[in-house]
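**Q** The sequence shown begins at 1 in UniProt numbering and counts up one residue at a time. We put the beta carbon where it would ideally sit given N, CA and C, even for glycine.
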Amino acid sequence: MNKVTTIDLGSNSFRVLIYDCLNHKIINEYNEVVGMADGLNETGNISLEAQERVVDAIMRSSKSLEYDPKSAVCVTTAAMRLASNSNDVLKYFEKTTGARFKIIDGKEEARLTLLAVKYALKRERIDSSKFILLDIGGGSTEIILNEGDNFNSKSFNFGIVTLTQKYLTSNKLIEELDNWKKEINLFLDELDINLEDFTFVATAGTPTTIAAIKLGQDFFHYDKDEVNGTIVNLKDLDESLEMFKNSNNETITKLVGRGRVEFIEVGIYIYKAIFEVLEKNESIVLDDGLREGVAIDYCLNKSI
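#1: Taking the alpha-carbon positions, what's the residue 192 to residue 184 distance?
#2: Could you pull out every residue in the same chain whose Cβ sits closer than 6 Å to the Cβ of residue 299, ignoring the five residues on either side in sequence?
#3: Please classify residue 275: is it buried, with 16 or more other beta-carbons within 10 angstroms of its beta-carbon, or exposed?
#4: So residue 202 is in the beta strand (DSSP E); what residue range does that whole segment cover?
#5: Taking the C-alpha atoms as reference points, what is the distance between residue 248 and residue 12?
#6: In angstroms with no decimal places, state the Cα-to-Cα distance between residue 120 and residue 198.
#7: Report yes if the C-beta distance between residue 264 and residue 244 is below 9 Å; otherwise report no.
#8: Enumerated in chain order, which unbroken segments of the beta strand (DSSP E) with a length of 3 residues or greater are wholly contained in the stretch 74–161?
#9: Let me know the secondary structure DSSP gives residue 17 once reduced to three states.
#10: Straight-line CA distance for residue 77 to residue 36?
#11: Mapping the DSSP letters down to three states, classify residue 304 as helix, strand or coil.
#12: Which residue's Cα is closest to the Cα of residue 149: 118, 279, 291?
#13: On a CA-only basis, which of 88, 277, 89, 33 is nearest residue 179? Give me that one, please.
#14: Determine the closest residue to residue 176 out of 190, 195, 156, with distance taken between C-alpha atoms.
#15: Can at least three beta-carbon pairs, one atom from the stretch 107–115 and one from the stretch 38–55, be found at a separation below 8 Å?
#16: What's the call for residue 174, buried or exposed, on a 16-neighbour Cβ count within 10 Å?
#17: May I ask which residues mark the beginning and end of the alpha helix (DSSP H) holding residue 237?
#18: In terms of residues, what are the limits of the alpha helix (DSSP H) holding residue 25?
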């Protein structure tokens with residue numbers, strides 16, 4: 001079978017995909033929270049503890065999915081872009097596991113994520129001609145505007161992990177997000193477009209979690225086929241925020257999974273901020289993201 005294994009090492013999540021290039025279908029997948037950006041704000045480095053969590057995740061996933069890390073197409077994003085010890089960390093990963101990671105910049109991350117989302121929209125029979133894509137990561141947030149075969153994107157240096165570890169109060173967080181909203185508005189103003197013409201699409205952990213909760217799912221009963229194409233609106237975000245604020249740790253863990261509890265509220269605040277910037281009332285949620293884009297790109301070009 002003509003297949004590829006891809007690894008997306010993000011600021012918080014570690015995601016593996018085994019993909020069928022002939023039929024453009026997922027064969028198997030693996031997800032784990034590794035918290036690679038933990039402490040990055042304070043030290044500027046990927047910690048030794050985070051490095052070991054990544055190594056353990058690579059070894060566990062390779063055993064679970066029966067793939068060779070040496071043959072996987074591996075990419076890593078914001079945390080590794082920001083870390084001053086990234087080269088040493090990547091050498092350590094290769095030495096201990098065989099996995100060779102490539103640090104991709106925000107533009108390439110946007111291109112690959114967009115590729116996956118275009119395929120997903122066609123699969124879900126949703127118009128993909130004009131849409132704005134939001135990708136909320138652990139260390140960065142990407143905004144991508146797609147119009148036909150053309151796109152414009154910008155990566156903003158804030159994410160669920162970095163903002164959570166930077167701010168202890170919601171007032172300070174909202175103040176920071178207000179500043180970022182101004183930056184995003186400047187980016188949108190430069191494009192001189194009518195936002196009303198563009199559908200709002202969102203991917204990554206926060207949007208899919210909110211969509212799953214809306215559907216009555218939790219982390220242990222997550223069905224991405226049902227999540228794909230779900231409409232999430234501002235009321236859903238407000239209701240989710242209220243629920244998380246009034247729930248205990250055990251309940252939240254069941255809903256979002258371990259390693260995500262402390263970040264979910266900040267993720268929702270970011271999601272709401274983008275709703276406000278775009279002046280949208282609802283968004284289409286998709287589970288597909290960077291790792292799928294890396295796989296599709298490899299299948300189309302046999303290289304990355």
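**A** Well, looking at it:
#1: 13 Å
#2: 21
#3: buried
#4: 199–203
#5: 22 Å
#6: 17 Å
#7: yes
#8: 101–103, 130–136, 141–147, 150–156
#9: strand
#10: 11 Å
#11: Confidence in residue 304 is poor, its pLDDT being 47 and thus under 50, which makes the residue's placement unreliable; the coordinate value appears in the next sentence. Three-state result, residue 304: coil.
#12: 118
#13: 277
#14: 156
#15: no
#16: exposed
#17: 234–245
#18: Unbroken run through residue 25 is the beta strand (DSSP E), 25–33; no alpha helix (DSSP H).
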